[in-house]
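Q: Dumping the structure here so I can ask a few things about it.
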Amino acid sequence: MSLFLGLDIGTSAVKAIIIDAEDREQASAVAPLSIDHPHPLWSEQHPDAWWAASAAVLDRLAADHPKLMSGVAALGLSGQMLGVALIDAAGRPIRPAPLWNDSRAGAECAELDVKVADFAGIAGARPMPGFSAPKILWLSRHEPEALKRTRCILLTKDYVRLCLTGEAISDRADSSATLLMDTQAGTWSPQLAEACGISTGLLPELVESGAVGGTLRPELARRFGLRSNLPIAGGAGDNMAGAIGAGVVRTGDAYISLGTSGVYFVANDRFVPARGQGMHTHRHAVPGLFGQHGCVLSAASALNWVAGILGVVSIERFLAEIEAADLSPADIPVFSPYLGGERTPHDDPLATATLSNLRGAAGPLHIGRGVIEGVAFAIADCHDALIAAGASIGTIALVGGGARSRFWGQLIATVIDRPLLLPPLALLGPALGAARLARQASGGGLSHEGDRHGMTMLEPRAGWRPGLEERRAIYRQHYAKLPV
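Sequential numbering from 574 applies to the sequence shown in my numbering.
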């Protein structure tokens, strides 16, 4: 039996899964990660934490499933995107890595927009604070000694690859989101790198997502019970790997992910640079395709935030109670989920969350309902921005941890007035995509033929629409009223 291992280095956890040739999950393991916020607008993790958590899940699989691990034919990588890991000559991280939700580089974004004519036409998107390029420019200005010591700049999953293989390699899909690449050509851009104060010599070798991107070091093969010279797929960023996991492999296919952040991804066979509304266009993990993205910076994390404030022990039970409650629409507050700024459609790292229209009758369930509706409204903003950017949206899958709640999915379906498909493997997300890319790197097929079969359809609810439209109209006023 051929087996494939997917390793996803997320923001809040590292997850590993083993699947067979028919995409049946055989085993999995998870290890948590935490985020540091040492200063306002900063969001960081140390690359050593990525490796420690990755090694922990592989050790767990080796201990619990040695026979499965010995049968793994290839390993694929996925990871949170846009992190900046500065690596020295000894292969060690120089400092903690600024993450995708780090907003310190606002001034650098404005500078890059002026410095490089038609920046978006080259990179696929305008400079935005969470992206790698402006953060590298910030580091070159504020921590020049760190840049002087740097011999390679790696993304999250690629630092883990360095630990696994000893090789500095990345894939074209994940790398296209750094804003350091000529995205249409699929090569590093000397012009963009120079604008950020570096040379392309600091950037890793590029391979396709489904190609081999290194082999496992012998001592780690022995430690984890994996075969020697195990091929490691090029892999992809979590948005692209999530698309592979959701079966979004043809132009027009789309998915919405309710993870720590919210992602709305549409596959396109044309390169359409994103020049506004916090949109971005990157290469897909499928050669010949691109991905048009909208991003909500706080999705499931907004639910986690309110659950923590309210003392909720089980989020799953909390969502079930919200669904079962007969809540008066007049008592549901309106929430804008800008807990860490917002990307689509505002491109505003300083935007703040609001909770309004509170009445005395509102209790924890009303507030929880308002929060998940606010995330649904933010996803709808992405939907509208994609349409405005010319995206042709076909079938839409719903994935990510938030997809456990069909109620939340139906709220989103109703707000955007489109049915959503819930894949049988919706919760496996980018880890499944990484495992599929491992299968491709070992000579197999990328996508299982059953991707679009056996899905649950989440239809819009006509009876919910009037109340949701009324509250979304209030939601839309929130951003305009935020202090400048």
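Glycine included, C-beta positions come from ideal geometry on N, C-alpha and C.
Please classify T760: is it buried, with 16 or more other beta-carbons within 10 angstroms of its beta-carbon, or exposed?
A: Classification of T760: exposed, given that the 10 Å Cβ count is below 16.
Q: Tell me which residues share the same chain as R714 and place their Cβ nearer than 8 Å to its Cβ, disregarding the 5 neighbours each side in the sequence.
A: For R714, where only same-chain residues beyond five positions count, the Cβ hits under 8 Å are E681, G770.
Q: Residues in its own chain within less than 7 Å of S627 by CB, not counting five upstream and five downstream?
A: Excluding positions up to five away in sequence, the list reads L580, I582, V587, V733.
Q: Is Q865 buried or exposed, if buried means 16 or more other CB atoms sit within 10 Å of its CB?
A: Result: buried.
Q: Taking buried to mean at least 16 other C-beta atoms within 10 Å of its own C-beta, is G652 buried or exposed?
A: By the neighbour-count rule (16 or more Cβ atoms within 10 Å), G652 is buried.
Q: Whose C-alpha, out of P804, A758, I1047, is nearest the C-alpha of N930?
A: Comparing Cα-Cα distances from N930 to each of P804, A758, I1047, the minimum goes to I1047.
Q: Decide if R916 is buried, meaning its Cβ has at least 16 other Cβ atoms within 10 Å, or exposed.
A: R916 should be labelled buried.
Q: Quick one: measure Cβ to Cβ for G820 and A970, integer angstroms, because I've assumed they're closer than 8 Å.
A: With a Cβ gap of about 7 Å, G820 and A970 count as contacting.
Q: Can you tell me the Cα-Cα spacing of L727 and P902, whole angstroms?
A: Each residue's alpha carbon lies about 48 Å from the other.
Q: Tell me which residues share the same chain as A999 and place their Cβ nearer than 6 Å to its Cβ, disregarding the 5 neighbours each side in the sequence.
A: V972, A976, listed in sequence order.
Q: Spatial neighbours of A746 within its chain, please: C-beta separation below 7 Å, excluding the five flanking residues on both sides.
A: Excluding residues within five positions, the ones whose Cβ falls inside 7 Å are S782, A809, G810, M813, H855, R856, H857, A858.
Q: Would you decide whether K721 is buried or exposed? Buried here means 16 or more other CB atoms lie within 10 Å of its CB.
A: Exposed, by the Cβ-count rule.
Q: Under a three-way DSSP split, which group does V780 fall into?
A: Residue state, collapsed to three classes: strand.
Q: By DSSP, does I817 sit in helix, in strand, or in coil?
A: Correct three-state label for I817: helix.
Q: What does the Cβ neighbour count give for G867, buried or exposed, with the cut at 16 atoms within 10 Å?
A: With 16 or more Cβ atoms within 10 Å of its Cβ, G867 is classed as buried.
Q: Kindly indicate which three-state DSSP category H638 falls into: helix, strand or coil?
A: If DSSP states are grouped into helix, strand and coil, H638 belongs with coil.
Q: What's the C-alpha gap between L799 and E894?
A: Cα to Cα, L799 sits roughly 44 Å from E894.
Q: Going along the chain, which unbroken runs of the beta strand (DSSP E) with 3 or more residues stay wholly within the segment 923–976?
A: Segments of the beta strand (DSSP E) lying fully in the segment 923–976: 927–929, 969–972.
Q: Using only CA atoms, which one of L993, Q1050, A1008, L1005 lies nearest to P1033?
A: Minimum Cα distance to P1033 is reached at L993.
Q: Alpha carbon to alpha carbon, how far is A897 from R699? Give it in angstroms, no decimals.
A: Each residue's alpha carbon lies about 43 Å from the other.
Q: Would you kindly check if the distance between the Cβ of N674 and the Cβ of T584 is under 9 Å?
A: Result yes, Cβ atoms of T584 and N674 sit closer than 9 Å.
Q: Helix, strand or coil: how does DSSP classify C682 here?
A: In the structure shown, C682 sits in a helix (DSSP, three-state: H, G or I).
Q: Excluding five sequence neighbours on each side, which residues of the same chain lie with their C-beta closer than 7 Å to the C-beta of E889?
A: These residues qualify, in order along the chain: R977.
Q: Among P922, T987, I960, R932, which residue has its Cα nearest to the Cα of V948?
A: Measuring from the Cα of V948, the nearest candidate turns out to be T987.
Q: So the candidates are F577, D691, I590; which of them puts its Cα closest to the Cα of G644?
A: Nearest C-alpha to G644: F577.
Q: Assign D637 to one of two classes, buried (16 or more other C-beta atoms within 10 Å of its C-beta) or exposed (fewer than that).
A: D637 is exposed by the Cβ-count criterion.
Q: Out of V657, V630, P611, which has the shortest C-alpha to C-alpha gap to L775?
A: Nearest of V657, V630, P611 to L775, Cα basis: V657.
Q: Based on the DSSP output, what are the partners of H866 in its beta bridges?
A: According to DSSP, H866 bridges with F838, H853.
Q: Go ahead and label S887 buried or exposed: buried means 16 or more other beta carbons lie within 10 angstroms of its beta carbon, across all protein chains shown.
A: Looking at its Cβ environment, which holds fewer than 16 other Cβ atoms inside 10 Å, S887 is exposed.
Q: Closer than 7 Å by C-beta to E1022: which residues in its own chain qualify, once you throw out the five before and the five after it? Chain order, please.
A: With a pLDDT of only 48 at E1022, under 50, the local geometry of the prediction cannot be trusted, and the value read off the model is given with reservation. Correct list: empty, nothing qualifies.
Q: Alpha carbon to alpha carbon, how far is G1016 from V836?
A: Near 30 Å, if we compare the C-alpha coordinates of V836 and G1016.
Q: Between which two residues does the alpha helix (DSSP H) holding Y732 run?
A: First-last of the alpha helix (DSSP H) with Y732: 729–738.
Q: Determine whether the beta carbon atoms of F863 and R848 lie at a separation below 9 Å.
A: No, these two residues do not count as a Cβ contact at 9 Å.
Q: With G787 and I805 assumed to form a contact (beta carbons below 8 Å), what rounded beta-carbon distance in angstroms separates them?
A: Contact flag correct, Cβ pair sits at about 5 Å.
Q: For E1042, which of S874, A873, I966, F950 has the nearest alpha-carbon?
A: When only C-alpha atoms are compared, the closest one is F950.
Q: Go ahead and pull the three-state DSSP assignment for T833.
A: Coil at T833, not helix or strand.
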